[in-house]
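This report refers to the structure that appears directly beneath it.
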Amino acid sequence: HVSDARALAQKYQADKNVWSGNVERYLQLKRLQLYYEDPVCQFGYFRSDETVNYVKNVMAQWQSYKEKTDDSAPRIKK
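In structure tokens form, the structure reads like this:
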């Protein structure tokens, strides 16, 4: 289904390599017949809520890790 969303994003001039506001949007639109029956889609209807929430949680956790390990933290030399 994500590959369908990426294909839709490309078709509608969005960035197929960017999740937020691009692939995410088209994944959510795959619950509408106009989009899931589009010729670029191979996998049909999709309820995206669980996937979108999962990715949102993973990205939030990654941001948390990134903030904890930023370049301003002192490094231990070996």
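Counting from 12, one number per residue, gives the positions in the sequence shown under this note's numbering.
All C-beta atoms, glycine included, are put in the ideal place defined by N, C-alpha and C.
Check, Outcome
"Per-residue DSSP class, three states only, for Leu40", "helix"
"Burial state of Phe54 (16 or more Cβ within 10 Å)", "exposed"
"Closest residue to Ser31 among Thr80, Pro50 and Tyr65 (Cα-Cα distance)", "Tyr65"
"Validate contact between the region 38–55 and the region 12–25 using beta carbons, cut 8 Å, 3 pairs", "yes"
"Alpha carbon of Val63 to alpha carbon of Glu35, nearest angstrom", "7 Å"
"Length at least 4, wholly inside the region 12–81: the alpha helix (DSSP H) runs in chain order", "13–22, 35–40, 44–47 and 60–79"
"Between the CA atoms of Ala25 and Asn33 - distance to the nearest angstrom", "6 Å"
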